[in-house]
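What follows is a set of notes on a single structure, which appears directly below.
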Amino acid sequence: MATHTQVNLPLPLLPEGWAGEKDFKAIGKLSAATQRSIEAVGPHFLAHARRARHKRTFSEDDRIQAQENAKKVEDDDSGEISEPEDPMMLSRDAKDWKQQDHYAVLGLSKYRYKATEEQIKRAHRKKVLRHHPDKKAAAGSTEDDSFFKCIQKATEVLLDPVKRRQFDSVDEGADVEPPTKKQIKDGKFYKAWSAVFKAEGRFSRVQPVPKFGDEKSTKEDVENFYNFFYNFDSWRSFEYQDEDVPDDNENRDQKRHMERKNNNARKKKKVEDTARLRQLVDDVLAGDERIKKFRQEANASKNKKRLDKEAAEKKAKDDAEAAKAAAAQAAKEAEEKAKADREQGKKAKEAAKAAVKKNRRVMKGSVKDANYFVDGAAPAAAIDAVLNDVELVQGNIDADETAALAAKLNGLKIAGEIKNVWSEEVKRLVTAGKIKEADIKALLKIDGGGVF
Amino acid sequence: MAVEGSSAAPTAPAERHAIGISIGNSNSSIAITVDDKAEVIANEDGDRQIPAILSYVDGEEYTGQQAKQQLIRNSANTVAYFRDFLGQDFKSIDPTHCHASAHPHEHESTIAFTIQDKEGDEKSTVTISEIATRQLRRLKQSASDYSGKEVNSAVITVPTNFSEKQKDALNKAAAAAGIEVLQFINEPIAALLAYDSRPETKVGDKNVVVVDLGGTRSDVTVIASRGGMYTILATAHDYEFAGVHLDKVLQDHFSKEFIKWNSIDPREDARSLAKLKLESEAAKRALSIGTNASFSVESLAEGIDFTSTINRLRYETIARKVFEGFNRLVEGVVKKAGLDVLDIDEVILSGGTSHTPKIAKNFQAIFPESTTVLAPSTTPTAINPSELSARGAALQASLIQEYESEDIEQSTHPAVTTVKHLSNAIGVLSISGDETKGVFNPVLSAETAVPARRTVHVAVPKEGGDVLIKIVEGGSHIKVTKVEPKQNGKKSDDEDDSSDEEDSDEEPEEQREKVWKIGNVLAEAAVKDTKKGGKVEVMINVAADLSVTITAREVGAKGGVRGNLSAP
Numbered sequence: 001m002a003t004h005t006q007v008n009l010p011l012p013l014l015p016e017g018w019a020g021e022k023d024f025k026a027i028g029k030l031s032a033a034t035q036r037s038i039e040a041v042g043p044h045f046l047a048h049a050r051r052a053r054h055k056r057t058f059s060e061d062d063r064i065q066a067q068e069n070a071k072k073v074e075d076d077d078s079g080e081i082s083e084p085e086d087p088m089m090l091s092r093d094a095k096d097w098k099q100q101d102h103y104a105v106l107g108l109s110k111y112r113y114k115a116t117e118e119q120i121k122r123a124h125r126k127k128v129l130r131h132h133p134d135k136k137a138a139a140g141s142t143e144d145d146s147f148f149k150c151i152q153k154a155t156e157v158l159l160d161p162v163k164r165r166q167f168d169s170v171d172e173g174a175d176v177e178p179p180t181k182k183q184i185k186d187g188k189f190y191k192a193w194s195a196v197f198k199a200e201g202r203f204s205r206v207q208p209v210p211k212f213g214d215e216k217s218t219k220e221d222v223e224n225f226y227n228f229f230y231n232f233d234s235w236r237s238f239e240y241q242d243e244d245v246p247d248d249n250e251n252r253d254q255k256r257h258m259e260r261k262n263n264n265a266r267k268k269k270k271v272e273d274t275a276r277l278r279q280l281v282d283d284v285l286a287g288d289e290r291i292k293k294f295r296q297e298a299n300a301s302k303n304k305k306r307l308d309k310e311a312a313e314k315k316a317k318d319d320a321e322a323a324k325a326a327a328a329q330a331a332k333e334a335e336e337k338a339k340a341d342r343e344q345g346k347k348a349k350e351a352a353k354a355a356v357k358k359n360r361r362v363m364k365g366s367v368k369d370a371n372y373f374v375d376g377a378a379p380a381a382a383i384d385a386v387l388n389d390v391e392l393v394q395g396n397i398d399a400d401e402t403a404a405l406a407a408k409l410n411g412l413k414i415a416g417e418i419k420n421v422w423s424e425e426v427k428r429l430v431t432a433g434k435i436k437e438a439d440i441k442a443l444l445k446i447d448g449g450g451v452f
Numbered sequence: 001m002a003v004e005g006s007s008a009a010p011t012a013p014a015e016r017h018a019i020g021i022s023i024g025n026s027n028s029s030i031a032i033t034v035d036d037k038a039e040v041i042a043n044e045d046g047d048r049q050i051p052a053i054l055s056y057v058d059g060e061e062y063t064g065q066q067a068k069q070q071l072i073r074n075s076a077n078t079v080a081y082f083r084d085f086l087g088q089d090f091k092s093i094d095p096t097h098c099h100a101s102a103h104p105h106e107h108e109s110t111i112a113f114t115i116q117d118k119e120g121d122e123k124s125t126v127t128i129s130e131i132a133t134r135q136l137r138r139l140k141q142s143a144s145d146y147s148g149k150e151v152n153s154a155v156i157t158v159p160t161n162f163s164e165k166q167k168d169a170l171n172k173a174a175a176a177a178g179i180e181v182l183q184f185i186n187e188p189i190a191a192l193l194a195y196d197s198r199p200e201t202k203v204g205d206k207n208v209v210v211v212d213l214g215g216t217r218s219d220v221t222v223i224a225s226r227g228g229m230y231t232i233l234a235t236a237h238d239y240e241f242a243g244v245h246l247d248k249v250l251q252d253h254f255s256k257e258f259i260k261w262n263s264i265d266p267r268e269d270a271r272s273l274a275k276l277k278l279e280s281e282a283a284k285r286a287l288s289i290g291t292n293a294s295f296s297v298e299s300l301a302e303g304i305d306f307t308s309t310i311n312r313l314r315y316e317t318i319a320r321k322v323f324e325g326f327n328r329l330v331e332g333v334v335k336k337a338g339l340d341v342l343d344i345d346e347v348i349l350s351g352g353t354s355h356t357p358k359i360a361k362n363f364q365a366i367f368p369e370s371t372t373v374l375a376p377s378t379t380p381t382a383i384n385p386s387e388l389s390a391r392g393a394a395l396q397a398s399l400i401q402e403y404e405s406e407d408i409e410q411s412t413h414p415a416v417t418t419v420k421h422l423s424n425a426i427g428v429l430s431i432s433g434d435e436t437k438g439v440f441n442p443v444l445s446a447e448t449a450v451p452a453r454r455t456v457h458v459a460v461p462k463e464g465g466d467v468l469i470k471i472v473e474g475g476s477h478i479k480v481t482k483v484e485p486k487q488n489g490k491k492s493d494d495e496d497d498s499s500d501e502e503d504s505d506e507e508p509e510e511q512r513e514k515v516w517k518i519g520n521v522l523a524e525a526a527v528k529d530t531k532k533g534g535k536v537e538v539m540i541n542v543a544a545d546l547s548v549t550i551t552a553r554e555v556g557a558k559g560g561v562r563g564n565l566s567a568p
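So the sequences go chain by chain: A and B.
If you count the first sequence from 1, position 288 lands on 288 in the UniProt record's numbering, and the numbers rise without skipping.
If you count the second sequence from 1, position 434 lands on 434 in the UniProt record's numbering, and the numbers rise without skipping.
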């Protein structure tokens, strides 16, 4: 609690010889307390409950509450409206209210179209408190209530959404002039134009309005911005600048004529306004470095593509030539190799032929050595049969087998051994399916006949 | 103390639209807080005190003043004076006041009224809780119509002796009417809160007597108000001296007048009695405002009209017995609290009967001159006594409506509300002009709830220098001295004392004063080198465990002395 009681009776003087640790002497203790219930009512109880539940001490709680209160004060102050009043404005006549700047009259020229209804009401109240004719009369000045009427008119206009929109449409105070060339040169291009388009954006039926951005804006944002302003949907209207229509009943034609005139004037102004905005956007587009930058970037990327393509073509061509040369080389080599191989093969073939011949001779010789597996002089039929079989075997085995068979037969002189070798060979061939059993006449017959 | 209204569907704090309801036996009122100011709402009939009466005619429900008129012709279907029956057994209720309206009877272990509340001849039995719900629904409707927003929660005032069971019954009735009861608060506390919330009120330590004089009962409560926190020290309830008894006095008076002329006793016929009653009440109200009241009833009994007048003096004479009853009640409860009338700083008159000027005058005589009697006839700025509790409830509602129900419940939990209270005052000693003996200056009064913190500024001697600060406990007692008249010039320096010396000049007068007795010395501290004409700030901070922190420093100077006393 900030309050404290006052005691006017003085404190006693400190007796001689009084001493205490740090000037303090604890002597007694509090006597026992009674438990009672406090009533859970009132702001001070709530403070008590807050302290008790959060286990705060008085000073902690004071501090926290002070912080909370301080915050509230700040919020209240933010809506404070105070502007110096122009003496010229104070002497205005309420009759030419069409020419008056309603926001300035209420001291809201800082806010203009952004002023909330709450702000307007508060500003009105503040101005009324200051300029009410009764106050002026009390202050001894003349009973001049013209500015008070101005205030009332301004409030009437600004608190009516339709009238406010009409006034906002022609509120020059909120317009921002396009930057001069000098300003642009000074590097204020983005800042200045941003302000211009922010002001223009207030007329848009579509909200939010895209921002003008700065030199770092992406291409997409910039395109979005220009698209938006080239297709601007404006609620701006010019009823406010209408000429007064006489409302006497007598001159109906005159009235209609005025209305028509006003209507045409509104349309004309609207068209002019649209053209003005378009011109504005054209101007800024022409000077927008970002557009140039994006074009260059686009060009650069297009060129890059072309170069890439050419390089790729060249490379493909080179590759093809190289491949062709390599292929010719390879063909040549292959031809030479084939030639060599052919010659080599010829020789080998001949050698093999010779070997086969030799082996065949050995085979035939072996059956001859075995006397065609007949005892005594061999009949011609038996010789034929054996030799036929030998040829059949020879015709069905390749050079290596021929060689192997010849090696087995070579040196054998005994008819039984020779016969064994032949019969094994025949059996092997029959099993391998290279010759048919039926084709073999003599060699198997020898085997199966049991001639020995 | 308070019961959380969790049985009604708890509404989110943002959706709450809370009002204060004061529901009484005779009248109810509803209040709403607009911009931190409580305002009592008038119902459709323009009444701020809405008679708590329900009447049924051909299935149509009437309440308020319209229902009150039905007491004459349709008394059997009119329910009145039912608040105290809520949550009670049939055995424990006093049905006296319902004699001239629908009679309560026992019904399935609760109390009910048999009334014809629908079209047709069939009578139905309506329980007390249903009656309360219907009444609350009407109040809610009036408040919703006034504010244009659906009212869904309320703080309701109840007498201090309302049991948990009764609160529970009221809570259920409110829930059925679509009202979430945020808190039940005691009527006298609500009245005190209504006064303390006025911007001109300074937060301080005071003892308050709240005298709630209603229609059928009187409740007196002694409250220790310490830095805006309230502790009830004693209560008294009386059903023998209340508004209806004043009506009765007037009824008898006018009956006698009537008998004098017509030899018919209007009290013997129920309808005549009802008319007599209503008109007596009106005359009583008129006498609270003017010094004369007329009394006129058409066809009071047997078709005879009756007109008469009464002046205030006459009324005060014939009603003296009742007034004295109020006096005794108040004196008794102050004694019960262990206090003397000299200890009382404020008397708040609440309830409809408090409009009577004589009652406030009587209290002024009982209490010393230093005591403020807050009643319309004694203090011009007083709040309308009939509206006090509703206003208090509305203020409390606006304070707590943004809290979650759980928060309210936790804050009103006995663990938070039951705290230690100082049994003795704590003060600092100073010297008076010539005496070397100390004079006790209370800093913390007795019955202050701890934790508590108080600061006092004490002057230093003229020449400045080193001073001693002695912190002591103190008790007060009443010193009675008999002084001869014209000799009572001896003035005490204590600010609290005073004496009633107006009564007589002849007898030796008894002078009573409140004297502080110095008790235990708690601590001593020294503040050195104080400047001439300076002041020393002494801050005493008593923690919840009764440990004490004392800080003393010269006002405007840095540093200072700080010391602790451990908890006992």
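Ideal Cβ placement from N, Cα and C applies to all residues, glycine included.
Please read all numbers here as calculations on a predicted model, not as lab measurements.
**Asked** What runs of the beta strand (DSSP E), each 3 residues or longer, lie entirely inside the region 165-244 of chain A?
**Response** For the region 165-244 of chain A, not a single whole beta strand (DSSP E) run of length 3 or above is found.
**Paired residues, beta bridge with B/E60 - DSSP** = According to DSSP, B/E60 bridges with B/V57.
**Prompt:** Hey, is B/P13's beta-carbon within less than 7 Å of any beta-carbon in chain A?
**Reply:** Judged by the 7 Å Cβ criterion, B/P13 is not in contact with chain A.
**Prompt:** Which residues mark the beginning and the end of the alpha helix (DSSP H) in which A/V281 is found?
**Reply:** DSSP places A/V281 inside the alpha helix (DSSP H), whose first and last residues are R252 to G287.
**Asked** So, is B/P380 buried or exposed, given that buried needs 16 or more other C-beta atoms within 10 angstroms?
**Response** Its Cβ having fewer than 16 others within 10 Å, B/P380 is exposed.
**Request:** Per DSSP, which residues does B/G214 bridge with? Please list them.
**Result:** Looking at the DSSP output, B/G214 bridges to nothing.
**Prompt:** Would A/L307 be called buried (16 or more neighbouring beta carbons within 10 Å of its own) or exposed?
**Reply:** Exposed, by the Cβ-count rule.
**Prompt:** Quick one: Cα of A/F189 to Cα of A/N224, how far?
**Reply:** Going by C-alpha positions, A/F189 is about 19 Å away from A/N224.
**Opening and closing residue of the beta strand (DSSP E) in which B/D238 lies** = From DSSP, the beta strand (DSSP E) with B/D238 extends over M229 to D238.
**Prompt:** Roughly how many angstroms separate the alpha carbons of B/I518 and B/K321, rounded to a whole number?
**Reply:** Approximately 42 Å between the Cα atoms of the pair.
**Asked** DSSP on B/P385, reduced to helix/strand/coil?
**Response** Helix.
**Message:** Quick check: the Cα distance between A/D273 and A/V196, rounded to an integer number of angstroms?
**Reply:** Roughly 15 Å between the two C-alpha positions.
**B/K206 versus B/K248: straight-line alpha-carbon distance, rounded** = Going from the Cα of B/K206 to the Cα of B/K248 covers about 36 Å.
**Item:** Beta carbon of A/M363 nearer than 7 Å to that of A/V386
**Value:** Cβ atoms of A/M363 and A/V386: not closer than 7 Å.
**Message:** Please report the straight-line C-alpha distance between A/F212 and A/A199, rounded to a whole angstrom.
**Reply:** Each residue's Cα considered, the two are about 11 Å apart.
**Asked** Are A/L30 and B/P104 touching if we call contact CB-CB under 7 Å?
**Response** No, these two residues do not count as a Cβ contact at 7 Å.
**Request:** Kindly indicate which three-state DSSP category B/E554 falls into: helix, strand or coil?
**Result:** In this structure, B/E554 counts as strand in the three-state DSSP scheme.
**Message:** Run through chain B and tell me which residues come within less than 8 Å of A/Q35, C-beta to C-beta.
**Reply:** Under the 8 Å cutoff, chain B gives T418, V419, K420 and H421.
**Prompt:** Hey, how far is the Cα of A/R36 from the Cα of B/L233?
**Reply:** Distance between the alpha carbons of A/R36 and B/L233: 9 Å.
**Request:** Taking only beta-carbon positions, decide if A/G42 is within less than 7 Å of chain B.
**Result:** In terms of beta-carbon proximity, A/G42 lines the interface with chain B, with at least one pair separated by less than 7 Å.
**Asked** Can you find a C-beta in chain A that's less than 7 Å from the C-beta of B/N262?
**Response** Not one chain A Cβ lies under 7 Å of B/N262.
**Asked** Mind checking if B/L182 is an interface residue toward chain A, Cβ cutoff 7 Å exclusive?
**Response** Nearest CB-CB separation between B/L182 and chain A: not below the 7 Å threshold.
**Item:** DSSP bridge partner residues for B/V458 (one or two, in chain order)
**Value:** Within the DSSP bridge table, the entry for B/V458 names A/V7 and B/V536 as partners.
**Item:** B/H253 versus B/S101: straight-line alpha-carbon distance, rounded
**Value:** Rounded to the nearest angstrom, the two C-alpha atoms are 23 Å apart.
**Request:** Would you mind stating whether B/A523 and A/D23 have Cβ atoms separated by less than 7 Å?
**Result:** Cβ distance not < 7 Å, so B/A523 and A/D23 don't count as in contact.
**Item:** Under 8 Å by beta carbon: chain A residues contacting B/Q396
**Value:** For B/Q396, the C-beta contacts it makes with chain A under 8 Å involve V41 and G42, in order along the chain.
**Asked** Would a C-beta distance cut-off of 7 Å place A/H44 and B/M229 closer than the cut-off?
**Response** Contact: yes.
**Request:** Assign A/D75 to one of three DSSP states: helix, strand, or coil.
**Result:** For A/D75, the predicted model reports a pLDDT of 47, less than 50, meaning its position is unreliable and no value from the coordinates is stated.
**Request:** Would you give the residue range spanned by the beta strand (DSSP E) that A/Q35 belongs to?
**Result:** Start and end: T34 to S37.
**Message:** With three or more C-beta pairs closer than 8 Å as the rule, is the region 380-394 of chain B touching the region 188-205 of chain B?
**Reply:** Taking a cut-off of 8 Å on C-beta distances, the region 188-205 of chain B touches the region 380-394 of chain B, as three or more cross pairs fall below it.
**Request:** Give, in chain order, every residue of the region 453-474 of chain B whose Cβ lies closer than 8 Å to some Cβ of chain A.
**Result:** For the region 453-474 of chain B, the beta-carbon criterion of a distance under 8 Å to any beta-carbon of chain A is satisfied by R453, R454, T455, V456, H457, V458, A459, V460, P461, K462, G465, D466, V467, L468, I469, K470 and E473.
**Request:** Might you give, ordered along the chain, the residues of its own chain that have their beta carbon closer than 7 Å to the beta carbon of B/A337, omitting 5 neighbours on each side?
**Result:** The beta carbon of B/A337 is closer than 7 Å to those of V222, L233 and A234 in its chain, skipping five residues each way along the sequence.
**Selection of the region 513-524 of chain B by Cβ proximity to chain A, strictly under 9 Å** = Under the 9 Å Cβ criterion, the region 513-524 of chain B contributes G519, N520, V521, L522, A523 and E524.
**Message:** Using beta carbons (cut-off 7 Å, strictly below), is A/K292 in contact with chain B?
**Reply:** No, no contact with chain B.
**Message:** Please identify the residue among A/D175, A/A32, A/R53 and A/V206 whose C-alpha is closest to the C-alpha of A/S194.
**Reply:** Measuring from the Cα of A/S194, the nearest candidate turns out to be A/D175.
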